[in-house]
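The numbers in the sequence shown follow my numbering, run straight up by one, and end at 275. Notes follow the structure.
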Amino acid sequence: MSRAGPRVAAIVLAAGASSRTAPAHKLLAPDATGLPMIARTLRAVAACQADPLVIVFGHRSTEIQAAALRGIPPERMPLCISARDHEAGLSRTLAAGMAVAAQHDVTGTLICLGDMPLISSTLLDRMIAAFAAHPACPGVMPVHAGRRGNPILWSRRLFPALMTQAGDRGARALLDRYGADMPQVAAGPEITEDFDTPARLADYARLFAGG
Numbered sequence: 065m066s067r068a069g070p071r072v073a074a075i076v077l078a079a080g081a082s083s084r085t086a087p088a089h090k091l092l093a094p095d096a097t098g099l100p101m102i103a104r105t106l107r108a109v110a111a112c113q114a115d116p117l118v119i120v121f122g123h124r125s126t127e128i129q130a131a132a133l134r135g136i137p138p139e140r141m142p143l144c145i146s147a148r149d150h151e152a153g154l155s156r157t158l159a160a161g162m163a164v165a166a167q168h169d170v171t172g173t174l175i176c177l178g179d180m181p182l183i184s185s186t187l188l189d190r191m192i193a194a195f196a197a198h199p200a201c202p203g204v205m206p207v208h209a210g211r212r213g214n215p216i217l218w219s220r221r222l223f224p225a226l227m228t229q230a231g232d233r234g235a236r237a238l239l240d241r242y243g244a245d246m247p248q249v250a251a252g253p254e255i256t257e258d259f260d261t262p263a264r265l266a267d268y269a270r271l272f273a274g275g
């Protein structure tokens, strides 16, 4: 894939137990075309300029990995890893992915959530472009109607801090600390939309009817 500017990795977090939608697992839930949510998310990430791609599994990892890789072209296959301590919270899943990204010659990384299938590759590329325009910034965030959302792009200088977060809050504390210094990319409501309840999964099942 051709690339101009900084090399940015992308990490997709897909290790959670999805307890709020039990017994269904949200990442395996199909849209109107039958495509699992995690596959829809990963297709968008694979279509953006980020390289390498990393996806972190944990709960029901065999099933979710098989679902995630549906339709991904061979040249964009992600590095698939398992977070052994994923039950300790989102921060441990994040740390597992960051450890892999840090082994590569990248200047930053996009942190993408597996349950946000409405995020587009266009938005991801715009965030990478904003980072290229502000290489000294701590990262880039998308904003809609004054509200920040996901994904977040983080500079490499914060990789050590990202790998030492604790609990189930991901990088929220770092975002509170550095967010004021991060360029903002205008986005739509998709940056705050997830599918964490049975009712929301029913909504997801009606999406992408056009393909």
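Here a beta-carbon is modelled for each residue, glycine too, at the ideal position from N, C-alpha and C. Treat the numbers as computed from the prediction; the structure is a model and nothing was measured.
N- and C-terminal bounds of the alpha helix (DSSP H) containing residue i
i: residue 223; result: 223–226
i: residue 162; result: 154–165
Spatial neighbours of residue i in its chain, beta-carbon cut-off 6 Å, leaving aside the 5 residues before and after
i: residue 134; result: 103
i: residue 200; result: none
i: residue 185; result: 108, 111 and 112
i: residue 159; result: 227
Straight-line gap, residue i to residue j (C-alpha atoms, nearest Å)
i: residue 213; j: residue 205; result: 7 Å
i: residue 169; j: residue 71; result: 7 Å
i: residue 161; j: residue 260; result: 22 Å
i: residue 88; j: residue 269; result: 13 Å
i: residue 115; j: residue 188; result: 12 Å
i: residue 252; j: residue 147; result: 31 Å
i: residue 271; j: residue 123; result: 25 Å
i: residue 86; j: residue 167; result: 36 Å
i: residue 127; j: residue 91; result: 10 Å
i: residue 154; j: residue 225; result: 14 Å
i: residue 141; j: residue 240; result: 33 Å
Proximal residues to residue i (C-beta, below 8 Å), its chain only, five neighbours per side dropped
i: residue 243; result: 205 and 212
i: residue 237; result: 229
i: residue 165; result: 73, 75, 116, 118, 173 and 223
Neighbourhood of residue i by C-beta distance below 7 Å, restricted to the same chain and skipping five residues each side
i: residue 144; result: 119, 121 and 129
i: residue 132; result: 78, 102, 103, 106 and 119
i: residue 246; result: 201, 202, 203, 204 and 205
CB contact below 9 Å: residue i versus chain E
i: residue 98; result: Here there is only one protein chain, and chain E is not present.
Start and end residues, beta strand (DSSP E) containing residue i
i: residue 330; result: Absent from the model: residue 330. The displayed extent of the chain is 65 to 275, so no value can be given.
i: residue 45; result: With the chain covering 65 to 275 only, the question about residue 45 has no answer from this structure.
i: residue 205; result: 203–208
Quick one: complete alpha helix (DSSP H) runs, 4+ long, within the segment 69–149?
101–110 and 125–132
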